[in-house]
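Residue numbers (UniProt numbering): 1 to 480. Think of the CB as a built atom: it goes at the ideal place given N, C-alpha and C, for glycine as much as any other residue. The block underneath contains the structure these notes are about, expressed in structure tokens.
Listed below in structure tokens is the structure:
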């Protein structure tokens with residue numbers, strides 16, 4: 001195939017970026033906006049040796065799974081890659097994606113996958129589920145401030161204050177801020193020049209508490225007429241926290257390093273099950289609370305705690321899984337690289353009266369191996385132990401694990417961490433993953449070193465997108 005060639009293909013799969021995948025004479029084409037089952041006319045826009053990218057020109061025969069997107073900007077926006085596919089078929093696609101990676105990358109036999117794989121956990125209503133959104137601000141051709149989301153693979157803002165995935169109150173908040181900017185001639189930030197004031201607005205919404213947080217990310221130290229802005233925002237029912245985060249760097253990073261309270265308090269609260277969490281502008285917190293409760297309930301079920309176990313929760317964030325597990329464990333130790341997240345985790349333990357959870361700052365791939373190695377130092381000098389800030393008896397206690405829970409970033413677990421898990425030989429490992437490919441890679445390593453895959457379940461944390469969360473239970477094979 002060459003650039004500008006036309007072809008008619010059938011879409012048989014979806015790629016990692018949401019593109020439809022089809023073939024012509026063995027040549028693979030990736031087609032944005034195509035749906036599994038479409039028969040479509042496409043135009044090649046980039047051709048490589050074995051594959052190419054094509055533009056959807058016309059749907060000749062629509063897929064039985066093709067639906068009208070709820071959002072009129074779904075095709076342009078980079079947020080919802082598969083909103084044009086029926087939700088039932090989205091769930092099938094995600095479950096097949098997990099299965100395929102387990103077989104192709106993990107090397108697991110189809111018969112084993114059939115035995116351990118449980119039905120995907122979907123949503124009754126797959127819209128309006130996000131409790132967090134970050135909206136970039138810019139200027140249209142007429143010089144008016146606009147906000148919305150970036151078009152796919154660009155930083156061009158699609159002006160839209162009514163995102164189908166966000167909390168409905170977001171629209172009122174965004175329209176209030178835009179009206180304020182127009183009234184007082186407050187300029188939006190311009191990435192090309194580095195000038196302008198309002199860069200982004202972060203909105204968090206507590207679905208169980210109805211508390212709202214607004215954080216304005218600004219290219220400066222003050223917001224003119226800020227009192228008028230806060231007066232307008234506090235009229236919105238549920239407004240709890242209005243903050244400002246300064247970010248004057250020429251960078252794609254959204255938030256600044258710190259924030260200051262403009263009105264109210266510096267956090268909102270929300271519940272997952274019976275556990276209450278304080279969430280600041282810089283906190284990591286799962287964006288889909290309804291599915292998160294289901295996911296964490298599965299983590300608790302897979303851990304199968306009896307009340308006396310020592311559990312390590314790696315990549316613990318603000319302690320969301322840790323505190324869930326602490327309800328049934330003897331002792332939980334959480335590890336997270338972000339110091340503020342650990343501060344939040346400790347605070348969340350206190351406000352819930354949980355005393356059997358302890359948290360450490362550091363990289364999980366460094367902290368756990370370090371603690372394990374310390375445990376092996378039989379008869380180590382007490383002065384050396386003091387320098388390490390760990391007493392010998394506490395060291396032995398923390399370096400042991402009955403259960404290890406990991407919830408790593410998309411890149412998966414570090415090799416040193418997997419090696420230490422194998423050495424520590426916990427009875428159970430519960431692996432929570434946002435990327436089936438790196439999950440399959442890591443499961444293969446664990447299962448080659450004494451563990452058996454017992455349960456796998458996909459959880460749809462991100463409807464209308466290609467992303468899927470997966471949770472797995474592994475048990476140690478004591479016969480090896």
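Going along the chain, which unbroken runs of the beta strand (DSSP E) with 3 or more residues stay wholly within the stretch 243-312?
260-264, 268-272 and 275-279
Exposed or buried, what is residue 487 when buried is set at 16 or more other beta-carbons lying within 10 Å of its beta-carbon?
Shown here, the chain extends from 1 to 480; a query on residue 487 therefore has no answer.
DSSP three-state label for residue 340, please.
Counted from its first residue, the chain shown places residue 340 at position 340. Helix.
Residue 395 to residue 371 span [Cα, whole Å]
Within the chain shown, numbered from 1, the residue matching residue 395 stands at position 395. Within the chain shown, numbered from 1, the residue matching residue 371 stands at position 371. Annotation note: pLDDT 42 at residue 395 (below 50); position unreliable, no value reported.
In DSSP terms, what residue 213 is bridged to:
On the chain shown, position 213 is the one that residue 213 refers to. DSSP lists 204 and 241 as partners of residue 213.
DSSP three-state label for residue 73, please.
Within the chain shown, the letter at position 73 stands for residue 73. Residue state, collapsed to three classes: coil.
Going by other Cβ atoms of all chains shown within 10 Å of its Cβ, with 16 needed for buried, is residue 2 buried or exposed?
Taking the first residue of the chain shown as position 1, residue 2 is located at position 2. In the assembly as shown, residue 2 is an exposed residue. Its beta-carbon has fewer than 16 other beta-carbons within 10 Å.
Any chance the CB of residue 19 is under 7 Å from a heavy atom of the ligand FAD?
Absent from the structure shown: the ligand FAD. Ligands present: none.
Within its chain, find whatever has a CB closer than 8 Å to the CB of residue 146; leave out the 5 residues flanking it on each side and keep chain order.
As a position in the chain shown, residue 146 is number 146, starting the count at 1. Closer than 8 Å at Cβ, skipping near neighbours: 137, 138, 139, 140, 157, 159, 178 and 188.
Is residue 322 helix, strand or coil when you go by DSSP?
Counting from one through the chain shown, the residue named residue 322 turns up at place 322. It is helical.
Is it right to say residue 94 is buried, meaning 16 or more other beta carbons lie within 10 angstroms of its own, or is it exposed?
Taking the first residue of the chain shown as 1, we reach residue 94 at position 94. So residue 94 ends up on the buried side.
To which residues of the same chain is residue 450 closer than 8 Å at the C-beta, ignoring the five residues directly before and after it?
Walking along the chain shown from the start, residue 450 turns up at place 450. Hits under 8 Å: 422, 425, 476, 477 and 480.
Does the beta-carbon of residue 325 have 16 or more other beta-carbons within 10 angstroms, so that it is buried, or is it exposed?
The sequence position of residue 325 within the chain shown is 325, counting from 1. Residue 325 should be labelled buried.
Integer-rounded CB distance, given that residue 97 should sit under 8 Å from residue 436:
Along the chain shown, read from residue 1 onward, the residue named residue 436 stands at position 436. Along the chain shown, read from residue 1 onward, the residue named residue 97 stands at position 97. That pair is a contact at about 6 Å.
Taking 7 Å as the limit between beta carbons, can you name the residues of its chain near residue 348, skipping five residues before and five after?
As a working note, residue 348 is residue 348 in the chain shown. Cβ neighbours of residue 348 beyond the five flanking positions: 277, 278, 318, 319 and 323.
For residue 359 and residue 346, believed in contact at Cβ under 8 Å, the rounded distance
Here residue 346 refers to the residue found at position 346 of the chain shown. Here residue 359 refers to the residue found at position 359 of the chain shown. Going by Cβ atoms, the distance from residue 346 to residue 359 rounds to 6 Å, so yes, they are a contact pair.
Status (buried if at least 16 other CB within 10 Å, exposed otherwise) for residue 459
As a position in the chain shown, residue 459 is number 459, starting the count at 1. Answer is buried; the Cβ neighbour count reaches 16.
Could you check the C-alpha separation between residue 473 and residue 299 for me, to the nearest Å?
Within the chain shown, residue 473 is the residue found at index 473, counting from 1. Within the chain shown, residue 299 is the residue found at index 299, counting from 1. For residue 473 and residue 299, the distance between alpha carbons rounds to 8 Å.
Would you say residue 262 and residue 248 are within 8 Å of each other, going by their C-beta atoms?
The residue given as residue 262 occupies position 262 in the chain shown. The residue given as residue 248 occupies position 248 in the chain shown. In this structure, residue 248 does not lie closer than 8 Å to residue 262 by Cβ.
DSSP has residue 455 in a bridge; who is on the other side?
Along the chain shown, one-based indexing puts residue 455 at 455. For residue 455, which the question treats as bridged, DSSP gives the partners 473.
Do residue 290 and residue 129 have their beta-carbon atoms positioned less than 8 Å apart in this structure?
Taking the chain shown and counting its residues from 1, one reaches residue 129 at position 129. Taking the chain shown and counting its residues from 1, one reaches residue 290 at position 290. Closer than 8 Å, so yes.
Segments of 3+ residues assigned as beta strand (DSSP E) that fall wholly inside the UniProt domain "TRAM" (1-58):
Here the runs fully enclosed are 6-14, 20-24, 27-31 and 39-47.
Keeping to the same chain, check which residues put their C-beta closer than 6 Å to that of residue 166; ignore five residues upstream and five downstream.
By one-based count along the chain shown, residue 166 stands at place 166. Counting only Cβ-Cβ distances below 6 Å, and skipping sequence neighbours, we find 130 and 133.
Using 8 Å as the threshold, is the C-beta distance between residue 26 and residue 78 below it?
Residue 26 sits at position 26 when you count from the first residue of the chain shown. Residue 78 sits at position 78 when you count from the first residue of the chain shown. Judged by beta-carbon spacing, residue 78 lies beyond the 8 Å limit of residue 26, meaning their Cβ atoms are not closer than that value.
Please classify residue 117: does DSSP put it in a helix, a strand, or coil?
Numbered from 1 along the chain shown, position 117 holds the residue referred to as residue 117. DSSP places residue 117 in the strand class (E or B) of the three-state scheme.
Identify which residue in 135, 374, 174 and 170 has its Cα closest to the Cα of residue 155.
On the chain shown, residue 155 is found 155 positions in, with the first residue counted as 1. Here the closest residue by C-alpha is 135.
Among the candidates 334, 56 and 82, whose CA atom is the shortest distance from the CA of residue 44?
Mapped onto the chain shown, residue 44 falls at position 44. If we check each option's Cα against that of residue 44, 56 comes out closest.
Near residue 407, what residues of its chain come up, given a Cβ to Cβ distance below 7 Å and the 5 sequence neighbours on each side ignored?
Numbered from 1 along the chain shown, position 407 holds the residue referred to as residue 407. Closer than 7 Å at the Cβ level, and outside the excluded window around residue 407, lie 315, 321 and 432.
Does the Cβ of residue 481 have 16 or more other Cβ atoms within 10 Å, making it buried, or fewer, making it exposed?
The question about residue 481 has no answer, for the chain in this structure spans 1 to 480.
Here's the rule: buried if 16 or more other CB atoms are within 10 angstroms of the residue's CB, otherwise exposed. What is residue 307?
Within the chain shown, numbered from 1, the residue matching residue 307 stands at position 307. Its Cβ having fewer than 16 others within 10 Å, residue 307 is exposed.
For residue 365 and residue 216, the rounded distance between their alpha carbons
Within the chain shown, residue 216 is the residue found at index 216, counting from 1. Within the chain shown, residue 365 is the residue found at index 365, counting from 1. Those two C-alpha atoms are separated by around 34 Å.
Count the other C-beta atoms from every protein chain shown that fall within 10 angstroms of the C-beta of residue 194, then say buried if there are 16 or more, exposed otherwise.
Position 194 of the chain shown, counted from the start, is the residue given in the question as residue 194. So residue 194 counts as exposed.
Kindly give me the distance between the Cβ atoms of residue 21 and residue 13, rounded to whole angstroms, as I take these residues to be in contact under 8 Å.
Residue numbering aside, residue 21 sits at position 21 when the chain shown is read from its first letter. Residue numbering aside, residue 13 sits at position 13 when the chain shown is read from its first letter. Residue 21 to residue 13, Cβ: 4 Å. Contact.
In three-state DSSP terms, what is residue 123?
As a working note, residue 123 is residue 123 in the chain shown. Looking at residue 123 - three-state DSSP - the assignment turns out to be coil, as it is neither helix nor strand.
Please specify which runs of the alpha helix (DSSP H), each continuous and at least 4 residues long, are wholly inside the stretch 88-163, giving them in chain order.
110-116
Which residue from 186, 41 and 82 puts its Cα closest to that of residue 19?
On the chain shown, position 19 is the one that residue 19 refers to. Residue 19 has its Cα closest to that of 82, out of 186, 41 and 82.
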